[in-house]
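**Q** Protein chains in written order, with UniProt numbering: chain V, 1 to 292; chain U, 1 to 298; chain D, 1 to 444. The beta-carbon is built from N, C-alpha and C at its ideal position, and this holds for glycine as well.
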Amino acid sequence: MAKTKLSDELVPKPFVSRFQRGAIYLLLVVGAFLSLFPFYYMFVQASQPSSEVLRFPPHLWFGSAAWSNIQGLFANGFGRSLFNSAFIAVVYASLSVFIASLAGYAFAKFRFRGRSILFGMFLLVLMIPYHVTAVPLFQLMAKITLFGDPTWISSYQAVILPALANPFGIFLMRQSMQSLPDDLLDAARIDGAGEWRVFTSVALPTMRPTLAALAIYSFMFQWNSFFWPLIIMRDKAMETLPVRINALVGLSIIDYGQLMMGTALTTLPIMMIFIAFQRQFISGALAGAVKG
Amino acid sequence: MGSQLLTPAERRHQWRRRLTPYMFLLPALLIFGIFMLYPIIASLQLSFESQLNPNSGFSLDNYRRLFGDTVFRKALINTVFLLVFQVPLQLGLAMVLAVLLNSAVLKFRTAFRLIYFLPAITALFAVALIFRLLLNDEKGLINYVLNGLGVQPVPWLTNAWPAKFSLVMAITWRWTGYNMVIYLASLQSIPTELYEAAELDGAGAWAKFWAITVPMMRPTILLTTVLSTIGTLQIFDEPYLLTRSGPSNETLSMATLLYRTAFQNAEFNYASAIAYAMVLIIAVFSLLQFRIAQRGED
Amino acid sequence: MMVRRKIHGSLISLLVLTLILAACGSDSTATTTSNTGSTNPAEVKGEITVWAWNVAAKSLEATVPSFNQKYPNVKVTVQDIGRTDVYDKLTSGLQAGGAGLPDVVAIESDRMDVYTSTFPDGLADLTSRASKYEKDFDPSKWAQSKISDKIRSIPWDSGPTGLWYRVDIFEQAGVDPKSIETWADLIAAGEKILAATDGKTKLLPVDIVADDAGFRMMTSQLGVCCYFNNDGKINLTNDKSVQALTLLKEINDKGLVANINGWDGTVAATKNGDVATVPFGVWYSGTIIDQAPDLSGKWDVMLLPAFEKGGNRAANLGGSTLAIPAATKNLDAAWLFVEHALATSEGQNIMMEKFGIWPSYQPAYSADLYSKPVAFFNNQPIWKLFADEIKNIPPATYTKDYAKGQAVLASAQAKVLSQGMDPKQALQEAAAELANQTGREIAQ
């Protein structure tokens, strides 16, 4: 057993040799560079005209076509898709957090028949490859005529509903809710609060950080989602951003500049949200997951 | 609980209490039943209808075909290969980074954490094109730089092993930071008294890592292992967008084969059989991991 | 046909789904039908949606004004969709019995068989309306549109091949393009160019591991494209296929191949002077103009060299069709749109002129633009070359297993070019592999 406290970087201890500290920083900086460089390169390419993207040697600094690429995108329905993506992601995030917290609360705070089977069933979905359910789901959407639509094909609800019972969210909320003291809930019940009130005014408020984290994750999931929106949205006016951007890939002509700008503009909002809410992203979400 | 001793009002109350959890579960169950369970059952049923002999009723044709399908076998081998290398690499690296970042001396910890996490929040379609440009054989930036350093260019996407390596790199790029953040949070929840006590016993860094850190983080490690395993066995984005399953199907994964069969070759029944073979494989692996984790605890 | 599969009644009823299904009738949308056989164009009414890829969609959109002059009461919406995304949507729609499909959809010719074999009635039968045009279309394309004597699609554009070449690089190396008649001539020219550019400029690009386009062009030239014969048997071990792969090996062995990856790699090689020639379809003209604007005047095109002096130099690579999903509620309007865009010189030449989409409809070639010089391409009347080539293209056979063949051939190509395997042996192995994957017989 080595007794050198100096090499002890495995626990929070302020004693690390200057050389080791330098090496650690160097390693971390290299890692950070590798993490960030693809993003930088994406923005560089997004500012090039289409015919400069495949130029060799490659451009490493920004070009002059950023604005014309943006204009080209907006001329081709980018604005509408931006709205669709934002609308769908916001509605999805709010609803899925609500549903997951209801379900998580039930799993964490009640003993009832079928509890573990139902919980296992939700988790089972994680194992199903999503491509295989797309066609039956599409058939289903084609048949539903609720809410006055002729079918649910190309509708917001068709994108929002299927993934609402999000297994990850239910799991996360259950983990979080388990840390809620039963005494607190019973105290409220003794005060005469109904079950719904106990949930909304006692359980939910204490869960705020986890709720925020889950909301951001759900937003991100829906914002980045490509395949299901591609299959179900068959009207240009209803397309989401990833689908619209992919439409730039033609048979023999591809507008690389616009393609890059489109992907950059799709990534940017998520990056900004992440930077703004990174505390919720990281500590909140994982407080639950970590307890396993 | 002798319910015969209760008054009708009490019985009603008890009945309502029993019903409560189901009411809370109702929205999730409804959505789940309609939009998940139904498509799963429908596609499962499709998998038992012969692709080559439609309308022949219940048949195991597709599953039989799966056993003799050399392409599926290749996809399975490729995917398991990825699993064996990818999951330990990505989780090991994540653990190393988490431990490094957790040492209190470091400044800019928040910034590093943020930067490492960034790849996980972006959709791969956004970066796949960039990666392809970077990894291009003749015209790629990476080979351009290597060439400048006097290193022989590497056929990143056109040779079997380099392509597998590129795939591993891309997946590692995207998911290491994510797992690192989970580990970091878990590390920070370990009481420092444990380490202090171990130090009094003269334990070194390495000993403390294995004696305290790993056991305390066991649930987290299990969770990330299972999630990464499921994720890798279902891997689609990277092989589809980055290596395009090539060269010669060397980076074909089970999910890309499923997609190709279902949507490009329009063989949906056969594709459904591929999907449920995948589910079975995933279930076996997940179960195995839980068993191993449990045995480790005894 | 609309409900391909019985809904799993008993299982669903376990769920709350019954409630919802009860609320669903069959499609209740009011259909704006037009009178079949109506003689007055103004009486044709309706709204139709058309799906195509990016630039192809723009070109179809450009035909709408002239279409609406004839048929003012048909509203046409053209939607641009990503390259493979079209197939994802089409497959899922056909699988769901025609739900959510447009009235007209673009499909690459070599993919047609996938749909006509898996969904025999998924695409409308156009025989009665279209057969009168048979003599007008590129014969090799028309043959592909006919599935068991029924016409399921109309050829849109053809891919007559050419050898795109750099005039300036040829000059620099002292190669006279007119002297190149056979592949042997071209190989000799390639060696000269390689020497004159210090090895910087190779002869042609090949995506060795992923795309057998060169092999397909050569076999098309030799009349044995693509992988299968008319009886649906695997047709790879014949002498001509071996000859084609042997030629590719020879070009590669002499160091004349630039090994590129993917479409982006081909484009990059084209614009950065890595290759002196690109053998590709006529549609590559648009790519060169779009991606290498600074090389204006430096590109020209000739026919592919022949295998022996005086041999066939015509071949096809790529091209697409328009089909009408059988589920359309506006078959008449959809047909009239397709007819106007593809079976009139007016429609085809709008697309040709503005977007370089090469008509499969031969009467279009009598327009002036086909004899005019093109400034970008060395000021030569390059379109005339392709117009004359069309009628000489040997027919090709695709099947629903074409995509599988493509993947297998790319592997075979990689074995031959990268690992030096004997072409004949590689093709025998490829045939066996394809037989395993498709259950087809190997032709003797």
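1. To be precise: take each residue of the stretch 180-204 of chain D, compare its Cβ to all Cβ atoms of chain U, and keep it if any distance is under 7 Å. Which residues remain?
2. 8 Å is my cut-off, CB to CB: does residue 261 of chain U come that close to chain D?
3. Using a beta-carbon distance below 8 Å, is residue 242 of chain V in contact with chain U?
4. List the endpoints of the continuous beta strand (DSSP E) containing residue 104 of chain D.
5. Since residue 200 of chain D and residue 224 of chain D are thought to touch, with beta carbons under 8 Å apart, how far apart are those beta carbons, to the nearest angstrom?
6. Please check the pair residue 268 of chain D and residue 251 of chain V, which I expect to be a contact at CB under 8 Å, by giving their CB distance rounded to whole angstroms.
7. Cβ of residue 243 of chain U within 8 Å of Cβ of residue 163 of chain U?
8. Would you mind sorting residue 389 of chain D into buried or exposed? The rule is 16 or more other CB atoms within 10 Å of its CB.
9. Could you give the distance in angstroms between the alpha-carbon of residue 243 of chain V and the alpha-carbon of residue 69 of chain U?
10. Per DSSP, what are the beta-bridge partners of residue 316 of chain D in this structure?
11. At a Cβ threshold of 8 Å, is residue 284 of chain U touching chain D?
12. Among U/35, U/15, U/16, which residue has its Cα nearest to the Cα of residue 160 of chain V?
13. Taking 8 Å as the threshold, find out whether the stretch 406-425 of chain D comes into contact with the stretch 178-187 of chain D through three or more Cβ pairs.
14. Would you give the residue range spanned by the beta strand (DSSP E) that residue 75 of chain D belongs to?
15. Taking contact to mean at least 3 C-beta pairs separated by less than 8 Å, is the stretch 267-274 of chain V in contact with the stretch 73-82 of chain D?
16. Provide the residue span of the beta strand (DSSP E) that contains residue 88 of chain D, from first to last.
17. Contact criterion: CB-CB distance below 8 Å. Does residue 227 of chain D meet it with respect to chain U?
18. Just checking: is the beta-carbon of residue 17 of chain V within a distance shorter than 8 Å of some beta-carbon in chain U?
19. Could you please give the first and the last residue of the uninterrupted beta strand (DSSP E) stretch that includes residue 137 of chain V?
20. Looking at the secondary structure, which residues open and close the alpha helix (DSSP H) in which residue 171 of chain U lies?
21. Give the residues of chain D in contact with residue 246 of chain V, contact being defined as C-beta atoms less than 7 Å apart.
22. Can you list, in chain order, the residues of its chain whose CB lies under 7 Å from that of residue 423 of chain D, leaving out five sequence neighbours each side?
23. So, is residue 253 of chain D buried or exposed, given that buried needs 16 or more other C-beta atoms within 10 angstroms?
24. Tell whether a beta-carbon distance below 8 Å holds between residue 92 of chain V and residue 218 of chain V.
25. Relative to chain D, which residues along the stretch 34-55 of chain V have a C-beta separation below 8 Å, given in chain order?
26. Under three-state DSSP, which class holds residue 94 of chain V?
27. Please confirm whether residue 91 of chain D has its beta-carbon closer than 8 Å to some beta-carbon of chain U.
28. My understanding is that residue 171 of chain U touches residue 250 of chain U, with C-beta atoms under 8 Å, so please give their C-beta distance in whole angstroms.
29. Can you round the beta-carbon distance between residue 137 of chain V and residue 39 of chain U to whole angstroms, since I take them to be within the 8 Å contact cut?
30. Are the beta-carbon atoms belonging to residue 142 of chain D and residue 106 of chain D less than 8 Å from one another?
31. Could you spell out where the beta strand (DSSP E) holding residue 192 of chain V opens and where it closes?
32. Give me the subset of the stretch 236-253 of chain U whose CB atoms are less than 8 Å from a CB atom of chain A, sorted by chain position.
33. Rounding to the nearest angstrom, what Cα-Cα distance links residue 291 of chain V and residue 180 of chain V in this structure?
34. Does the Cβ of residue 227 of chain V lie closer than 7 Å to at least one heavy atom of the ligand MG?
35. Per DSSP, which residues does residue 182 of chain D bridge with? Please list them.
36. Here's the rule I'm using: 16 or more other beta-carbon atoms within 10 Å means buried, otherwise exposed. How should residue 202 of chain D be labelled?
**A** Answer, in terms of the structure:
1. none
2. no
3. yes
4. Start and end: 104-108.
5. Not confirmed; about 35 Å, so no contact.
6. Not really, about 18 Å apart at Cβ, beyond 8 Å.
7. yes
8. buried
9. 33 Å
10. Paired residues: D/160.
11. no
12. U/35
13. no
14. 74-81
15. no
16. Note, residue 88 of chain D: premise wrong, no beta strand (DSSP E); alpha helix (DSSP H) at 85-95.
17. no
18. no
19. No beta strand (DSSP E) contains residue 137 of chain V, which is instead part of the alpha helix (DSSP H) from 130-143.
20. 160-188
21. Those are 82, 85, listed as they occur along chain D.
22. 242, 245, 246, 249, 416
23. exposed
24. yes
25. 50, 51, 54, 55
26. helix
27. yes
28. In fact, because the Cβ distance is near 16 Å, the residues do not count as touching under 8 Å.
29. 5 Å
30. Result no, Cβ atoms of residue 142 of chain D and residue 106 of chain D do not sit closer than 8 Å.
31. Membership of residue 192 of chain V in any beta strand (DSSP E) is not indicated, and neither H nor E is assigned to it by DSSP.
32. Judged by its chain identifiers, the structure shown contains no chain A, and its protein chains are V, U and D.
33. Confidence at residue 291 of chain V is low in this model, with a pLDDT of 41, below 50, so the placement of that residue is unreliable and no value is reported for it.
34. This structure does not include the ligand MG; it has no bound ligands of any sort.
35. D/306
36. buried
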